[in-house]
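Engineer: Numbering (my numbering), first residue to last: 38 to 320.
In this text, a Cβ means the ideal position worked out from N, Cα and C, and glycines have one as well.
Computed from a prediction, not measured in an experiment: that's the story for all the values here.
In structure tokens, the structure reads:
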């Protein structure tokens, strides 16, 4: 099984391969791993990601971004200049109370990036921003996720102090790991008018049906909502795909007839049923 348990999954209209190719030119130690007309799998500085040509149904919001940390000022400048090209700057790269160098930009595809000077070499970390109706739910989400996934840990939670009466006690910035992967969560009391959606989801790579059942049931029993083809939303509105390893294996089969049979079977499912997939493949 893929060593990376949780894979960021990015929804594009029809520019998945174009966007993935662009990102692999921006970041060092990056490459396209595989691509077809539907999905491009790529690696950004050792973080595996998937990009989908899903059509215009969903577009990125600032609720989930990639947080880039680097201790190399030149590297930060290079990455920033590439990402801002034809993009939208939310906070210009510069000095702020929390960092000597920080910037926030949506790239030309709408994907959101935060860039930060840090003491460690380059890292790319998925980051949740809880705002509006979700404001105040970050700590509950972090606690739930770290209880759900093994090899998980809350590293620190920094909270707003009493000087900010609208946000006192809420999460200003938190870092945690899920299955040894780094994540960040933040909250903002300001009015933002965006929320989590399916454009940025996470694939949970499962070894078998037992693992699929575990995650599916845990999310639904804790306020989640099931969707189609292995997708669900948790109680906070964040989208997850609970996918057994046999599904991508079957979907990448060289026999187009088998791929069509598996696809047809999958389209009938909410939670993925490994036995039914196998039957469809064996037809």
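#1: Compute the distance between the beta-carbons of residue 57 and residue 79, then report whether it is under 7 Å.
#2: Is it a yes or a no for the segment 83 to 90 touching the segment 134 to 144, going by three-plus beta-carbon pairs under 8 Å?
#3: I'd like the list of long-range same chain contacts for residue 112, defined as Cβ closer than 7 Å, with 5 residues on each side in sequence excluded.
#4: Pull up the CB-CB distance for residue 191 and residue 213, whole angstroms please, since I reckon it's below 8 Å.
#5: CB residue 248 to CB residue 307, shorter than 7 Å?
#6: Taking only runs that begin and end inside the segment 97 to 156, name each unbroken alpha helix (DSSP H) of 4 or more residues, in chain order.
#7: Please tell me whether residue 43 and residue 218 are closer than 7 Å, where the distance is taken between their beta carbons.
#8: Here's the rule I'm using: 16 or more other beta-carbon atoms within 10 Å means buried, otherwise exposed. How should residue 205 be labelled?
#9: From 193, 84, 154 and 99, pick the residue whose C-alpha is nearest to that of residue 229; which is it?
#10: Looking at the structure shown, is residue 270 part of a helix, part of a strand, or coil, going by DSSP?
#11: Cutting at 6 Å between CB atoms, please list the residues of its own chain near residue 266, excluding the five before and the five after it.
#12: For residue 164, which beta-bridge partners are listed by DSSP?
#13: Do residue 115 and residue 143 count as a contact pair if the criterion is CB distance below 7 Å?
#14: Within the same chain, show all residues whose beta-carbon is closer than 6 Å to that of residue 122, passing over the 5 residues directly before and after it, in chain order.
#15: Rounded C-beta distance between residue 161 and residue 105? I'm assuming under 8 Å.
#16: When burial is assigned at 16 or more other CB atoms within 10 Å of the CB, is residue 235 buried or exposed?
#17: Please list, in chain order, all residues of the same chain as residue 64 whose beta carbon is under 8 Å from its beta carbon, the five residues on each side excluded.
#18: Taking C-alpha atoms, which residue in 309, 314 and 310 lies nearest to residue 297?
#19: Could you pull out every residue in the same chain whose Cβ sits closer than 6 Å to the Cβ of residue 271, ignoring the five residues on either side in sequence?
#20: For residue 312, count the other beta carbons within 10 Å of its own beta carbon; 16 or more makes it buried, fewer makes it exposed. Which is it?
#21: Just confirm the distance between the C-beta atoms of residue 282 and residue 244, as a whole number of angstroms; I'd bet it's less than 8 Å.
#22: Please state whether DSSP places residue 248 in a helix, a strand or coil.
#23: Taking the alpha helix (DSSP H) that residue 216 belongs to, which residues open and close that run?
#24: Please classify residue 180 as buried or exposed, where buried requires at least 16 other C-beta atoms within 10 Å of its C-beta.
#25: With which residues is residue 190 paired in a DSSP beta bridge?
Structural biologist: So, to answer that:
#1: yes
#2: no
#3: 159
#4: 5 Å
#5: no
#6: 110 to 121
#7: yes
#8: exposed
#9: 99
#10: strand
#11: 303
#12: 102 and 221
#13: no
#14: none
#15: 6 Å
#16: buried
#17: 81, 82, 116, 159 and 161
#18: 314
#19: 256 and 261
#20: exposed
#21: 6 Å
#22: helix
#23: Run containing residue 216: none; DSSP gives neither H nor E here.
#24: exposed
#25: 214
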